[in-house]
Amino acid sequence: MVAPQVDGRRALCALAALLLAGVALRALVMASWWPVTLETVDSWPYAHYARGDLLASPQHPPGYSTLLAAVGVLTRSVPVFVLLQFAAGIGSALLLFAATRRLAGSAAVALAPAAVVLLGPDQVYLEHSIMSEAVFLLVVALALYSAARALADGSSMWWAAATGLLCGVATVIRTAGVLMIVPVAAAILLSGVAGRGRRALAATGATLAALGALATVQAVEKGRPQLAPSPGWHLYSHAAQYADCQRFDPPAGTEALCEDTPRHRRLGSDHYLWDLGSPGHTHFDTGDRPTLTPEETGARLHANLQRNDSELGAFARAAILAQPLDYVTTVARDLLRYLVPGVRRDVRNVGADLSPALDFARVSPPETTTVVHRGLIAFFDPFAVYHRRAGTELLARYQSVFRFGATALMLCLLLIVVGLAAAPARRSAIVLLGGSGLSMLVPPVVAGTYSGRYSVPAAGLVAGAAAVAILGLLERRRGTSGTAPP
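Okay, so the sequence shown: first residue is 16 according to our numbering, each after it adds one.
So, in structure tokens, the structure goes:
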């Protein structure tokens with residue numbers, strides 16, 4: 016039997032090797048695709064709103080644009096910001112390693128989440144884009160490390176409060192983090208730590224305080240105490256896929272949103288959000304409809320999404336209350352897409368899966384990359400993008416083998432379920448890591464749209480939970496009971 020300290024040294028050597036590989040992977044990405052990707056059309060609004068009203072985006076919460084604006088005081092260099100996001104990814108991996116090591120009492124087990132973040136091709140792709148996932152994951156990893164400290168006997172109650180505050184900050188960056196406090200509080204209550212009730216209350220209270228502060232700022236500045244941008248439009252994009260006005264009375268002024276198109280022939284949520292020809296945009300957009308350039312189309316869409324949110328939300332809620340089974344069925348099918356990406360292949364405009372949305376081999380139409388490029392240089396210093404085909408082809412081959420996709424997510428989910436049932440000594444750690452990761456997948460689908468990209472920040476967390484579950488199952492087989500170190 017290998018002594019624990021020897022096993023720990025080997026794990027640290029393995030971590031060092033993973034770090035070197037992660038740095039090399041990011042260097043290859045930078046050398047092959049300088050200095051940033053332009054394939055993700057969601058990226059330019061972050062830069063656009065960083066120039067002025069940070070609360071005006073109808074698409075994203077203000078956290079990431081606020082960070083762009085803050086860094087922009089010092090530099091507006093895209094390469095510098097991408098390097099900072101690479102550092103955020105590496106820092107997230109180290110924090111997840113430290114958190115999982117504390118939770119599991121095993122450095123070897125803690126390698127799992129670190130490896131997924133350091134070597135995940137989709138993770139690196141998003142770090143190389145002006146997208147919020149890298150910063151979001153860093154805050155989530157900080158929250159989980161703080162939670163791991165809060166679960167130790169004798170630790171300060173401030174660790175629990177810090178955990179809750181960080182969960183709130185994560186939500187300001189990505190609304191997907193809004194439910195993270197639920198598994199965090201559950202993990203604290205499931206643990207054997209002294210004062211666990213007070214700790215769970217402290218964490219929950221800190222999260223609510225952070226979210227309350229965001230809602231208050233929104234109420235003062237925009238007149239509505241909301242956490243998510245344009246919640247009515249997003250919920251409408253969900254409900255419009257199945258809304259049948261013969262089954263409910265549409266609120267006054269929204270009758271034009273009713274459709275005669277059979278449900279099976281309707282387009283998906285992206286159509287209702289991002290197509291000027293969709294009923295919501297057609298009815299509430301009173302401006303002229305000349306031939307618009309791609310930039311003008313994007314500006315018109317964002318302008319529309321900033322108006323009539325309450326009316327669209329009222330229509331959506333009326334449809335959902337009248338058709339709860341249709342709502343639940345649509346949510347279930349979209350959740351299933353994380354595990355079976357092709358399940359809604361018969362419907363167009365339902366949100367992109369990991370492939371091709373984050374493929375290194377993807378080549379977007381010039382009109383798309385032009386819009387993104389112009390949107391970014393409105394905030395950042397001017398830059399040109401260079402591709403080295405040999406490098407991106409190598410990255411695409413790597414991605415096809417090492418992507419943390421639906422199969423890996425399903426395997427981890429199965430291990431989490433088995434671990435929760437068969438390894439009670441590890442239940443708190445599994446709930447903390449796995450529950451936090453899985454909680455990120457639910458809010459977008461419940462209140463709006465699906466995207467396979469939403470699973471990327473969750474990958475390292477669910478991998479860590481699965482590794483802890485395996486450890487718990489091995490301990491059960493050996494007749495031992497694992498406890499995490501203080």
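Here a beta-carbon is modelled for each residue, glycine too, at the ideal position from N, C-alpha and C.
- Note that the C-beta distance between threonine 52 and serine 144 is below 7 Å.
- It is roughly 20 Å from the alpha-carbon of isoleucine 335 to the alpha-carbon of leucine 351.
- With fewer than 16 other beta carbons inside 10 angstroms of its own, glutamate 408 counts as exposed.
- In the three-state reduction of the DSSP assignment, tyrosine 465 falls in the coil class.
- Just so you know, the alpha carbons of alanine 158 and arginine 280 end up roughly 43 Å apart.
- Setting aside the 5 residues that flank it on each side, phenylalanine 394 is surrounded in the same chain by Ala62, Ala65 and Arg66, each with a C-beta closer than 6 Å to its C-beta; the list follows chain order.
- Looking at the DSSP output, histidine 388 sits in no beta bridge, so it has no partner there.
- DSSP lists Tyr401 as the bridge partner or partners of tryptophan 49.
- With a minimum length of 4 residues, the unbroken runs of alpha helix (DSSP H) contained wholly in the segment 421 to 447 fall at 421 to 437 and 442 to 445.
- The segment 443 to 458 and the segment 108 to 125 touch, with no fewer than 3 CB-CB distances between them shorter than 8 Å.
- Excluding five sequence positions before and after methionine 45, none of the CB atoms of its chain fall closer than 6 Å to its own CB.
- Linking aspartate 57 to tryptophan 173 through their CA atoms gives a straight-line distance of about 36 Å.
- Arginine 442 places its beta carbon 7 Å or farther from that of leucine 181.
- Of the residues Leu27, Asp259, Leu35 and Leu152, the one whose Cα lies closest to the Cα of valine 477 is Leu152.
- With a minimum length of 4 residues, the unbroken runs of alpha helix (DSSP H) contained wholly in the segment 168 to 242 fall at 172 to 188, 196 to 205 and 211 to 237.
- Apart from the 5 residues on each side of it in sequence, alanine 473 sits with its Cβ closer than 7 Å to the Cβ of Gly452, Leu453, Met455 and Leu456 in its chain, given in chain order.
- Secondary structure of valine 346 (DSSP, three-state): helix.
- One thing to note: alanine 221 has its Cβ within 7 Å of the Cβ of glycine 179.
- Pairing histidine 298 with glycine 463 gives a Cβ-Cβ distance that is not under 7 Å.
- When rounded, the separation of the alpha-carbon atoms in glycine 135 and leucine 424 is 13 Å.
- Straight through space, the alpha carbons of serine 470 and tyrosine 353 are spaced by roughly 7 Å.
- Looking from the CA of arginine 164, the closest CA among Leu111, Val124 and Pro356 belongs to Leu111.
- Relative to the Cα of leucine 429, the nearest Cα in the group Ala228, Ala484 and Asp349 belongs to Ala484.
- Residue state for glycine 37 is assigned as helix, using DSSP reduced to three classes.
- Secondary structure of glycine 67 (DSSP, three-state): coil.
- With respect to the 7 Å criterion, leucine 291 and serine 245 are not classified as neighbours on the basis of their beta carbons.
- Between the segment 72 to 80 and the segment 379 to 388, the count of C-beta pairs closer than 8 Å stays below three; the two stretches do not touch.
- By the Cβ rule, the segment 94 to 113 counts as touching the segment 122 to 142, because three or more pairs are nearer than 8 Å.
- Under the Cβ criterion (8 Å, minimum of three pairs), the segment 32 to 51 counts as touching the segment 398 to 413.
- For arginine 25 and glycine 479, the gap between their C-alpha atoms comes out near 18 Å.
- Using a C-beta cut-off of 8 Å, the segment 248 to 264 makes contact with the segment 274 to 288, since at least three inter-stretch Cβ pairs fall below that distance.
- Taking C-beta atoms under 8 Å as the contact rule, alanine 129 and leucine 30 qualify, at a distance of about 6 Å.
- Taking every protein chain shown into account, the CB of aspartate 137 has 16 or more other CB atoms within 10 angstroms, so this residue is buried.
- When Cβ pairs closer than 8 Å are counted between the two stretches, the segment 222 to 235 is seen not to touch the segment 205 to 214, the count staying below three.
- Leucine 340 counts as exposed, since fewer than 16 other beta carbons sit within 10 angstroms of its beta carbon.
- Here glutamine 261 is exposed: its Cβ has fewer than 16 other Cβ atoms, across all protein chains shown, within 10 Å.
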